[in-house]
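J.:
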Amino acid sequence: MSPVKSPRPVTALVPVKARHLCKTRLAEHLSPPQRLALVRSMLSHVLGVLQQSPAIGRIVVLSPEQDQLPDDIERFADAGFDLNSSLQAALQRLRQEGEQRVLILPADLACVQPDDIAQLTDAALSSEVTIAPSADGGGTNALLLPLDQPWSLRFGHDSFQAHLQMLQQAERSYRMVISSGLGFDVDSGGDLVQLQQGGDSAVAVPLSDAELTRDLLQRPLPQLLADAEALTLQHFGTQVTYSRKVFIPLTQLCRDVCHYCTFAKAPKNLRAPYLSLEEVVAIAREGKAAGCTEALFTLGDQPEDRYRSARTALQAMGYSSTLDYLHAAAKAVYEETGLLPHLNPGLMSREEMARLRDVSASMGIMLESTAQHLCDKGGPHYGSPDKEPQARLQTLRTAGELQVPFTTGLLIGIGESRAERIEALLAIRDLHRQYGHIQEVIIQNFRAKPDIRMAEHPEPGLDEHLWTIAVARLILGGGITVQAPPNLQPGVLQELIRAGVNDWGGVSPVTPDHVNPERPWPHLEKLAQETAAAGRQLCARLPLGPQYALNGERWLSSEIEPGVLRHSDASGLAREENWYAGAGDPVPAVAENWLQPSLFTVPRHRHLAQTLDRARQGIELGERDITDLFAVRGNALQVVLQEADQLRREMVGDTVTYVVNRNINYTNICGYRCQFCAFAKGQGESAKLLRGPAYRLDLDEIGARAVQAWQRGATEVCLQGGIHPHFTGQTYLDIVQAVKRAVPEMHVHAFSPLEVWHGAETLGLSLADFLCQLREAGLSTLPGTAAEILHDDVRRIICADKLNTEQWLQVLRTAHQQGLKTTSTIMFGHVEQPQHWAAHLLHLRRLQQETGGITEFVPLPYVHMEAPMARRGESRSGPTFREAVLMHAVGRLVLNPLVKNVQTSWVKMGAEGAAFCLQAGANDLGGTLMDESITRAAGGVNGQEFSRADVLRVAQAIARPCQQRNTLYGAAPSRCSEQHPALIAVAD
839 MSPVKSPRPV TALVPVKARH LCKTRLAEHL SPPQRLALVR SMLSHVLGVL QQSPAIGRIV
899 VLSPEQDQLP DDIERFADAG FDLNSSLQAA LQRLRQEGEQ RVLILPADLA CVQPDDIAQL
959 TDAALSSEVT IAPSADGGGT NALLLPLDQP WSLRFGHDSF QAHLQMLQQA ERSYRMVISS
1019 GLGFDVDSGG DLVQLQQGGD SAVAVPLSDA ELTRDLLQRP LPQLLADAEA LTLQHFGTQV
1079 TYSRKVFIPL TQLCRDVCHY CTFAKAPKNL RAPYLSLEEV VAIAREGKAA GCTEALFTLG
1139 DQPEDRYRSA RTALQAMGYS STLDYLHAAA KAVYEETGLL PHLNPGLMSR EEMARLRDVS
1199 ASMGIMLEST AQHLCDKGGP HYGSPDKEPQ ARLQTLRTAG ELQVPFTTGL LIGIGESRAE
1259 RIEALLAIRD LHRQYGHIQE VIIQNFRAKP DIRMAEHPEP GLDEHLWTIA VARLILGGGI
1319 TVQAPPNLQP GVLQELIRAG VNDWGGVSPV TPDHVNPERP WPHLEKLAQE TAAAGRQLCA
1379 RLPLGPQYAL NGERWLSSEI EPGVLRHSDA SGLAREENWY AGAGDPVPAV AENWLQPSLF
1439 TVPRHRHLAQ TLDRARQGIE LGERDITDLF AVRGNALQVV LQEADQLRRE MVGDTVTYVV
1499 NRNINYTNIC GYRCQFCAFA KGQGESAKLL RGPAYRLDLD EIGARAVQAW QRGATEVCLQ
1559 GGIHPHFTGQ TYLDIVQAVK RAVPEMHVHA FSPLEVWHGA ETLGLSLADF LCQLREAGLS
1619 TLPGTAAEIL HDDVRRIICA DKLNTEQWLQ VLRTAHQQGL KTTSTIMFGH VEQPQHWAAH
1679 LLHLRRLQQE TGGITEFVPL PYVHMEAPMA RRGESRSGPT FREAVLMHAV GRLVLNPLVK
1739 NVQTSWVKMG AEGAAFCLQA GANDLGGTLM DESITRAAGG VNGQEFSRAD VLRVAQAIAR
1799 PCQQRNTLYG AAPSRCSEQH PALIAVAD
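For the sequence shown, the residue numbers in our numbering are 839 to 1826.
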């Protein structure tokens, strides 16, 4: 099949209403001139984005107004019909003018970016129609149509479902594109507030902070809550996070006398002024044993300024200040337990914070309030110098300047007004706009306690708490997490979620909440249940938010970044399972119910259901669709796995297949320096540095190994090795011929795309000519290895000197054109992210659509134990079990129906993990191997051989039949399928 040709450029059609009709739903928030200014700003933004988009060849504004437009933008006069009639008339005119495809794009997509337009136009390369819903799934925010027929457009109420029905009635295939830029339009006061808080758009909002404050104060609570929940779902989906932490109260001495505090104690009420380093590390070790990832250091502010006992204790321990001792304690915890310190030390100078940054993943200080009168006599902060609002704001600013992921928050109900809360939130927003460092804002409600000065002070009611959470979400937008401590509002967590909360903060399975000791942490299982009851999934995070964990080079010290990587999954959240690829670990207990039948139970999952439906139909999914599939947890995870397995059953049946083969890795000497590879050696490299000595098998040895494999029932030898600096294309030809001389009947499955490229280059041949020579020498198929991640941003990090993405694809494409089938692989779980997985799978799908030459898809989880970049602290610790299983399931869905076979690697997953994947979309166990060495070099312990008896045990454990196959998924030769000779020990 010839390569897919790019279609003609797309014409963009942007409808704009008459001035007096523009954004009338915003009339209670904006005056007519303000609404007109907003509409013009949004239109200018949308047109600018379209002008930057290479796929857009012509831009037309459909409007009854005669406003001036840029010279390269046309205007079609809108005669005043209803929107659908006007659009259909414009489509008819464009069709008559010879246009073939039109993108209808509203003028109020204030956050749309060129990448969003590219998603729409790229998707249309392989689909007739592309459609993008609004964030709530009700409206249609983009519609790309071919003009080969008239369309009965249905913009208006619930237009997204109406347009889907239109397409189904017309029997037209379609692609759905979901992105925050396309999903966000400006129709409500909540949308205005989101736009006002900025971050995602250059659109100017004609609303001052004073007007915003007035709007929020006047808006009814139900409307605030609805707007806040919609905004939270748009940016954070159904995830609600928490951190498994251990609470370390380094000292409860404090120079402040906050009237609501139960944490601070006088020296006479403490056994010692400070915890000893031994006590600190012991608490951390207990937390590590309980599965914690965070060590939360809480302490009073600079007690040595007030208490002689503190000064004496610090001097005795050899430290100059409490913050000096905090540095030592955090360093000890990190080095001895691996827990990630989060520090709450109060006010800090720039020098103090810079030093503490080296030993912490994140820090925090509660702003509490910017109301100065709270520091006056009689106020809760009177006599507490560290509670001066400007001093605390300066600490927040310093954190931004030093690029420290920072948590802050408000304490409500201590005497401040609602307007003053808004003032504090606006100050936080402005600092985040400048530095991007505010990861989380806590909205903590005051609780009266018997032993405090404010024991008789009234507590804020639930509505007051909900109001503040909602306002925080609307002011801070979707870039900052909003937290409410679950132990301070037991029984109403669903309401907190609906107000805009997307995080519960740190929850400790080991230590109490020393700040609110009378309020125990909820049990994690109960917290998960209450979160699920609100239609959300509870997910563990690290002390720092995902966006910071994924950009450690900017936000973390070089000392701490390796620890964050060790604890991270591909999305920057915490690893929730004690499972590592190749390590021989059992299937984690958390996976026990993943294979149970389930249905979507949350309306928010409607777009996931639609994605699965399109996957079943064999329609190419978009990158966002695929990353959404990789993000599923809880009930949605169960549905995705069962859908993948049902598709497997329909495509290839229940039989588990495998091939009897032998790996022959003819050399481990390699001139390349892949950062993940523990197998390759440089010439003369000391065997002490990496496992095993350097070697090169001669041709006689290669032939002898092929003979032995044949005698033991193998139908295939798989030949790969390092790129030896003395190898040429002739070497590879000689290797094939050596095998065929020794065993003419043996199927030769050999040479990665990198080896093929190297061989062709050294002989001065084209890829086609060299592959033709290999085929004539006896090569039967090629392994689609050396793929790693087919995204050059990743390849530049892990294998900069190897083939780039297009070169790898070129080798496979050429092999297929020469009649040589190949496998396909992905090696994942190191430095890449889910969007890179999506790009990789789409590359494979499009190649297969073009050539049909791929026999199977093989996920290869990264084995990290001895990998060089892992040993240097530069990669994650391989995929989580959830990610590894999902790669098989999502691979099945994305590649449907083009790639029929999904193989699971027993070497990487272990027998139990492989059996699990065979129930989540995979159908093949791969080869028996006999001499697996590459994964063993990386620290894998799952063995070098998987006998037929092992295969039978796996199949029987899941009540499935098994059958030996050949390399091309045909029946194995009768001598093999009938005799199954015993596999004896390998003689090297």
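Ideal placement from N, C-alpha and C gives every residue a C-beta, glycine not left out.
All of these numbers come straight from a predicted model, not from anything done at the bench.
Going by other Cβ atoms of all chains shown within 10 Å of its Cβ, with 16 needed for buried, is LEU1108 buried or exposed?
T.: exposed
J.: For ALA1378 versus SER1715, is the C-beta spacing smaller than 8 Å?
T.: no
J.: Beta strand (DSSP E) containing LEU1628: first to last residue?
T.: Going by DSSP, LEU1628 is part of no beta strand (DSSP E) at all; its letter is neither H nor E.
J.: Under the three-state reduction of DSSP, which class applies to ALA1419: helix, strand or coil?
T.: coil
J.: Would you check if there are 3 or more beta carbon pairs closer than 8 Å linking the region 1117-1132 to the region 1252-1269?
T.: no
J.: How do the region 1076-1093 and the region 1191-1209 stand: do at least 3 beta-carbon pairs fall below 8 Å, yes or no?
T.: no
J.: Span of the alpha helix (DSSP H) holding SER924?
T.: Looking at the DSSP string, the run of the alpha helix (DSSP H) that includes SER924 is 921-934.
J.: Measure the CB-CB distance between HIS1587 and THR1619 and report whether it falls below 8 Å.
T.: yes
J.: My output table needs one value for ILE1233: the three-state DSSP class, helix, strand or coil.
T.: The question names Ile, yet the displayed sequence has Thr at residue 1233. The answer is helix: DSSP assigns THR1233 an H, G or I state.
J.: Measure the C-alpha to C-alpha separation of ASN1431 and GLY1343 and round it to an integer number of angstroms.
T.: 26 Å
J.: Pull up the distance between the alpha-carbon of VAL1197 and that of SER1395, whole angstroms please.
T.: When rounded, the distance between both Cα atoms is 8 Å.
J.: Report the rounded CA-to-CA distance for THR1689 versus TYR1807, giving the unit in angstroms.
T.: 18 Å
J.: Runs of 3 residues minimum, wholly inside the region 1129-1166: which ones carry the beta strand (DSSP E) assignment?
T.: Segments of the beta strand (DSSP E) lying fully in the region 1129-1166: 1132-1137.
J.: Let me make sure I understand the geometry here. Which of GLY1217, PHE1244 and MET1747 has the alpha-carbon closest to that of TYR1418?
T.: MET1747
J.: Rounded to the nearest angstrom, what separates ALA1421 and PHE1754 at their Cα positions?
T.: 16 Å
J.: Could you tell me which residues DSSP pairs with MET1191 in its beta bridges?
T.: None, per the DSSP bridge assignment.
J.: Along the chain, where does the beta strand (DSSP E) that runs through ASN979 open and close?
T.: 978-984
J.: Along the chain, where does the alpha helix (DSSP H) containing ALA1588 start, and where does it finish?
T.: Looking at the DSSP string, ALA1588 is not in any alpha helix (DSSP H); the run it does join, the beta strand (DSSP E), is 1585-1588.
J.: Excluding the 5 residues flanking GLU998 on each side, which residues of the same chain have their C-beta closer than 8 Å to its C-beta?
T.: For the record, residue 998 in the displayed sequence is Phe; it is not Glu. If we look at PHE998 and ignore the five residues flanking it on each side, its Cβ neighbours are ILE969, PRO971, SER972, GLY975, GLY976, GLY977 and THR978.
J.: If we ignore side chains and look at the alpha-carbon of each, how far apart do GLY1560 and LEU1698 end up?
T.: A direct Cα-Cα distance of roughly 18 Å separates GLY1560 from LEU1698.
J.: Secondary structure at CYS1377, three-state DSSP: helix, strand or coil?
T.: strand
J.: Look at the Cβ atom of ASN1499, then the Cβ atom of THR1663, and state whether they are nearer than 8 Å.
T.: Contact flag unset, no.
J.: Express the C-alpha separation of LEU1736 and PRO1563 in angstroms, rounding to a whole number.
T.: 38 Å
J.: Can you tell me whether DSSP reads THR1175 as helix, strand or coil?
T.: THR1175 falls in the helix class under three-state DSSP.
J.: Among ARG1149, THR849, TYR1700 and GLN1332, which has the Cα closest to the Cα of ALA893?
T.: Taking only the C-alpha atoms, the option nearest ALA893 is THR849.
J.: Go through its chain and collect everything with a Cβ distance to VAL1118's Cβ below 8 Å, but skip five positions before and after it.
T.: ILE1086, LEU1088, ALA1167, ALA1170 and VAL1171
J.: Please return the same chain residues whose Cβ sits closer than 8 Å to the Cβ of GLN1656, not counting the five positions on each side in sequence.
T.: Take GLN1656, set aside five residues on each side of it, and the residues of its chain with a beta-carbon closer than 8 Å to its own are ALA1606, LEU1609, CYS1610 and ARG1613, in chain order.
J.: Would you mind working out which of HIS1073, ARG1336 and THR1660 sits nearest ARG1062, comparing C-alpha positions?
T.: The sequence given here has Leu at residue 1062, not Arg. Ranking HIS1073, ARG1336 and THR1660 by Cα distance to LEU1062 puts ARG1336 first.
J.: Using a 10 Å radius around the Cβ and a threshold of 16 neighbouring Cβ atoms, would you call ASP960 buried or exposed?
T.: buried
J.: Leaving aside the five residues before and after GLN1448 along the sequence, list all residues of the same chain whose C-beta is less than 7 Å from its C-beta, in chain order.
T.: MET1014
J.: Can you list, in chain order, the stretches of the beta strand (DSSP E) that have 3 or more residues and sit fully within the region 1300-1338?
T.: 1319-1321
J.: Is DSSP giving PRO1697 helix, strand or coil here?
T.: strand
J.: Find out if the Cβ-Cβ distance for the pair ARG1311, THR1070 is shorter than 8 Å.
T.: yes
J.: Return helix, strand or coil for TRP989, following the three-state DSSP convention.
T.: coil
J.: Closest to LEU1446 by CA distance: which of PRO1435, GLN1434, LEU1433 and GLY1460 is it?
T.: GLY1460
J.: Return the CA-CA distance between SER840 and LEU1005, expressed in angstroms with no decimal places.
T.: Residue placement at SER840 is poorly supported in this model, since its pLDDT is 36, which falls under 50; the coordinates still yield a value, given next. Taking C-alpha positions only, SER840 is separated from LEU1005 by approximately 29 Å.
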